[in-house]
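Visitor:
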Amino acid sequence: MRKYLALILVGAILVGCGSSGGPKTDDHGHEEESGHSSEETGHKEGEVKLTVEGKKIAGIETTVVRVEDFQQLLQVPGTVSSTDKGKAVVTPPVSGRVVSISARLGDTVRQGQTLAVIESPELSQAWSTIADATRLRDAARSDVQQARSEVDLSMAKVSAARKNLAQQRELAKAGAFSQAPVQQAQNELNDAQSELLSVQKEQASHAEQVRRLENLYRDGIVSKSELEAARLELQQDQIRLDRAKARIEIARATYEREKNIASRGLLNAKELQSAEADVKSSELELERSRIRVRAAESALANANRAIANAQAVYRSNSGTGSTSVGRVSLVAPLSGIVTHLDVTRGQAVDRTQVLMEIENLRSVWVTANVPERDAEKVRKGAFVSIQVASLPDREFEGVVQVVGTRVDPKTRSIPVQCLVTETQGQLKPDMFGKVFIGIGEARPSLVIPKSALVFEGGKSFVFAKHGDAFEKHEVVLGDQDANRVVVLSGIEEGETIASKGAFILASEQKKGELKGHEH
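Each residue of the sequence shown is one higher than the one before, starting from 479 at the first, in the working numbering.
1. Specify, as a first and last residue, the run of the alpha helix (DSSP H) that Ile535 falls within.
2. Does the separation of the CB atoms of Val878 and Val856 fall below 8 Å?
3. For the candidate residues Thr540, Val530, Thr529, whose alpha-carbon lies nearest to that of Gly979?
4. Am I right that Arg615 and Leu778 are in contact with their C-beta atoms under 8 Å? What's the rounded C-beta distance?
5. Give the secondary structure of Ala902 by DSSP, where H, G and I count as helix, E and B as strand, and everything else as coil.
6. Any idea which residues DSSP pairs Gly945 with across the strands?
7. Write down the C-beta distance between Glu775 and Val622 rounded to the nearest angstrom, noting that I regard them as a contact closer than 8 Å.
8. Per DSSP, Gln865 is paired with what?
9. Report the three-state DSSP secondary structure of Ser977 (helix, strand or coil).
10. Looking at C-beta atoms only, is the number of pairs between the segment 711-721 and the segment 662-677 that lie closer than 8 Å three or more?
11. Out of Ile815, Gly945, Arg647, Ala984, which one is the CA nearest neighbour of Val530?
12. My output table needs one value for Leu593: the three-state DSSP class, helix, strand or coil.
13. Taking 8 Å as the cut-off, does the segment 584-601 touch the segment 948-961 (at least 3 CB pairs, one atom from each stretch)?
14. Give a yes or no on whether the C-beta atoms belonging to Phe874 and Val898 are separated by under 8 Å.
15. Is Leu833 helix, strand or coil when you go by DSSP?
16. Taking Lys635 and Glu763 to be in contact with their CB atoms under 8 Å, please state how far apart those CB atoms are, rounded to whole angstroms.
17. Taking Cβ positions, are Glu597 and Gly804 nearer each other than 8 Å?
18. Name the residue from Glu854, Leu905, Val688, Gly698 whose alpha carbon lies nearest to the alpha carbon of Leu705.
19. Where Thr732 and Ala790 are concerned, what is the direct C-alpha to C-alpha distance, given to the nearest angstrom?
20. Could you give the DSSP three-state label for Arg872: helix, strand or coil?
21. Between the Cα of Thr880 and those of Val844, Val568, Thr889, Asp871, spot the shortest distance and give me the residue it belongs to.
22. Report the rounded CA-to-CA distance for Phe548 versus Phe910, giving the unit in angstroms.
23. Using beta-carbon positions only, say whether Leu905 and Val568 come within less than 8 Å of one another.
24. Taking just the CA atoms, how far does Ile969 sit from Gln958?
25. Mind checking Ser977: buried by the 16 CB within 10 Å criterion, or exposed?
26. If you run the structure through DSSP and keep just helix, strand and coil, what is Glu986?
27. Under three-state DSSP, which class holds Lys950?
28. From Asn693 to Leu750, what distance separates their C-alpha atoms?
29. According to DSSP, Asn847 sits in a beta bridge with which residue or residues?
30. May I ask which residues mark the beginning and end of the beta strand (DSSP E) holding Ile579?
31. Does the segment 550-567 come into contact with the segment 835-850, if we say contact requires no fewer than three beta-carbon pairs (one atom in each stretch) closer than 8 Å?
32. Which class does Arg465 belong to by DSSP, given the choice of helix, strand or coil?
33. Going by beta carbon distance, what residues of the same chain come within less than 8 Å of Ser759, once the five residues before and after it are set aside?
34. Any idea which residues DSSP pairs Thr424 with across the strands?
35. Measuring alpha carbon to alpha carbon, tell me which residue in Arg619, Cys896, Arg962 is nearest Asn780.
36. Would you kindly work out how many angstroms separate the C-alpha atoms of Ser891 and Ser841, rounded to a whole number?
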């Protein structure tokens, strides 16, 4: 319709501009002969002249015919589809309930952008497990520090006992001891025996408590951490029991030695033997402290592993989105457009449910169907251009990535995958288009834009500019691509032709011919 309106306007302008040279009328309204033919006014047949304003209204544009590199193209149909990296589905990493949605169908989103928030009991439980494991870890860390402090203290006692033993040996050599208090040794033995009885009572009580907790734990009434704490306390009772027994043995040996010394008058050896006993006792205490350190470090390592396992479960439930206690954010895995949305606020969802689909159409696949007779001409890496009906003035460029190896039995064609980039989202999946695949080597050829052509009676024509007029030339065409066509004859390099508006010029040329026939 626009072409016809432009044609009417151009015709009106041509008529207005040419009225001064047209036939005149007398006083009675009859035409007077001007006495000049078209040849006498210099007008050639097939030539079209437009005023400057007429050219502007008709949208006439010109171009110079040039020799350019031209590669033979194979035109085949093609279909647009998304690339593997250009499409993603959004599924919840954990079952739960959707509490908010921040994306709508058709929205453009960026990678990492929050799309929705899910509230999940599983996530809350996983968080609680991490908190419990952290508390156990902190307790185990405190035990390690305490045990290491006991080791330091025991090492100091060993050092002091050894120093005292050396001093006692020097005093014994000098005969500095007068008498050994047997009563003190007896008191020490009595205290050690009392301590043993006390520890035995506590151990029996704690053993009964462990048996009771084991039964409760099997029934699921108490937690494993409570049972482990009770067992640890029972182990400590055993250490105290061993220590009390050792103390009794030392006290009894000391008592017997003191009696023997007193009866034999060997008082000088008493302090020496006591110092030796102190060294052995302190060394035994040091070894037990080291055992407690190893046990505490093992408990700490187990607590750290428990935390790591709980965190791994939490991460697997929360996916890649940000999380808070009991909630996880669903984020866009890539930048693109939300092309599918199947979730509402408050909806219960599970791990397998597809909530959204996102497509990034900056790069797409175009599958060209190449007839099997032409398949050998197509090579990987070949240049391609694509045109679709909805964008007639846009050409998309791409590269052949994959040449199929199987022939479709129905269409007798081979699929050729072409990657097209920088589409700005204008090529949509399932669009049909024309695919021009470069075959052979590029050669210098005389080319013109397709928009310069007009067709009449099965022939091709262009309008060459000569001065202020346009003259129609028949041309013989060769190969063509999406926008250009090779001219074999009818026009020469360097000539100026109408690249746009040739249809208007052809219409004006026909109107001129009709007027000539009327005369």
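Note that beta-carbon positions come from the ideal geometry of N, C-alpha and C, so glycine has one too.
Guide: Reading from the atomic positions:
1. Mapped onto the sequence shown, residue 535 falls at position 57. 530-536 is the span of the alpha helix (DSSP H), which, as asked, contains Ile535.
2. Counted from its first residue, the sequence shown places residue 878 at position 400. Counted from its first residue, the sequence shown places residue 856 at position 378. Yes, they are a contact pair.
3. Locating residue 979 in the sequence shown gives position 501, counting from the first residue. Nearest of Thr540, Val530, Thr529 to Gly979, Cα basis: Thr540.
4. As a first step, residue 615 is located in the sequence shown; it is residue number 137 there, counting from the start. As a first step, residue 778 is located in the sequence shown; it is residue number 300 there, counting from the start. So it is a contact: roughly 7 Å between Cβ atoms.
5. Here residue 902 corresponds to residue number 424 of the sequence shown, with the count starting at 1. Note that residue 902 corresponds to Gln in the displayed sequence, not to Ala. It is coil, neither helix nor strand.
6. Position 467 of the sequence shown, counted from the start, is the residue given in the question as residue 945. Answer is none; Gly945 lacks a bridge partner.
7. In the sequence shown, the residue the question calls residue 775 occupies position 297. In the sequence shown, the residue the question calls residue 622 occupies position 144. Yes, Glu775 and Val622 are in contact; Cβ-Cβ is about 6 Å, under 8 Å.
8. As a position in the sequence shown, residue 865 is number 387, starting the count at 1. Within the DSSP secondary-structure output, Gln865 pairs in a beta bridge with Lys912.
9. By one-based count along the sequence shown, residue 977 stands at place 499. It is a strand residue.
10. The answer is yes - the segment 662-677 touches the segment 711-721, with three or more Cβ pairs under 8 Å.
11. Reading the sequence shown from its first residue, position 52 is the one you call residue 530. Among Ile815, Gly945, Arg647, Ala984, the Cα nearest to that of Val530 is on Gly945.
12. For the purposes of this step, residue 593 is taken as the residue at position 115 of the sequence shown. In the three-state DSSP reduction, Leu593 falls in the strand class (E or B).
13. no
14. As a position in the sequence shown, residue 874 is number 396, starting the count at 1. As a position in the sequence shown, residue 898 is number 420, starting the count at 1. Yes, the pair counts as a contact, with Cβ atoms nearer than the cut-off.
15. The sequence position of residue 833 within the sequence shown is 355, counting from 1. Here Leu833 sits in coil by DSSP.
16. The sequence position of residue 635 within the sequence shown is 157, counting from 1. The sequence position of residue 763 within the sequence shown is 285, counting from 1. Confirmed, about 7 Å.
17. Locating residue 597 in the sequence shown gives position 119, counting from the first residue. Locating residue 804 in the sequence shown gives position 326, counting from the first residue. In contact: Glu597 and Gly804 (Cβ atoms closer than 8 Å).
18. Counted from its first residue, the sequence shown places residue 705 at position 227. Comparing Cα positions, the closest option is Val688.
19. Here residue 732 refers to the residue found at position 254 of the sequence shown. Here residue 790 refers to the residue found at position 312 of the sequence shown. Approximately 58 Å between the Cα atoms of the pair.
20. As a position in the sequence shown, residue 872 is number 394, starting the count at 1. It is coil, neither helix nor strand.
21. Against the sequence shown, residue 880 aligns to sequence position 402. The amino acid at residue 880 is misidentified as Thr; the sequence shows Val. Considering only alpha carbons, the answer is Val844.
22. For the purposes of this step, residue 548 is identified with residue 70 of the sequence shown, where counting begins at 1. For the purposes of this step, residue 910 is identified with residue 432 of the sequence shown, where counting begins at 1. Straight-line Cα distance between these residues: approximately 25 Å.
23. The sequence position of residue 905 within the sequence shown is 427, counting from 1. The sequence position of residue 568 within the sequence shown is 90, counting from 1. Not in contact: Leu905 and Val568 (Cβ atoms no closer than 8 Å).
24. As a position in the sequence shown, residue 958 is number 480, starting the count at 1. As a position in the sequence shown, residue 969 is number 491, starting the count at 1. About 16 Å.
25. By 1-based counting over the sequence shown, the position of residue 977 is 499. Classification for Ser977: buried.
26. Along the sequence shown, read from residue 1 onward, the residue named residue 986 stands at position 508. Reduced to three states, the DSSP call for Glu986 is helix.
27. As a position in the sequence shown, residue 950 is number 472, starting the count at 1. Lys950: strand per DSSP, three-state reduction.
28. Here residue 693 corresponds to residue number 215 of the sequence shown, with the count starting at 1. Here residue 750 corresponds to residue number 272 of the sequence shown, with the count starting at 1. If you take the alpha carbons of Asn693 and Leu750, they lie about 52 Å apart.
29. If you number the sequence shown from 1, residue 847 lands on position 369. Looking at the DSSP assignment, Asn847 forms a beta bridge with Pro893.
30. Locating residue 579 in the sequence shown gives position 101, where the first residue counts as 1. From DSSP, the beta strand (DSSP E) with Ile579 extends over 574-579.
31. yes
32. No answer is possible for residue 465: it lies beyond the span of the chain, which begins at 479 and ends at 997.
33. Translated into the one-based positions of the sequence shown, residue 759 becomes position 281. Excluding residues within five positions, the ones whose Cβ falls inside 8 Å are Ala639, Ala724, Arg725, Ile728.
34. A query on residue 424 cannot be resolved here, the shown segment of the chain reaching from 479 to 997 and no further.
35. Here residue 780 corresponds to residue number 302 of the sequence shown, with the count starting at 1. It is Arg619 whose Cα lies nearest to the Cα of Asn780.
36. Sequence index remark: in the sequence shown, residue 891 carries index 413 (1-based). Sequence index remark: in the sequence shown, residue 841 carries index 363 (1-based). Approximately 24 Å, taken between the alpha carbons.
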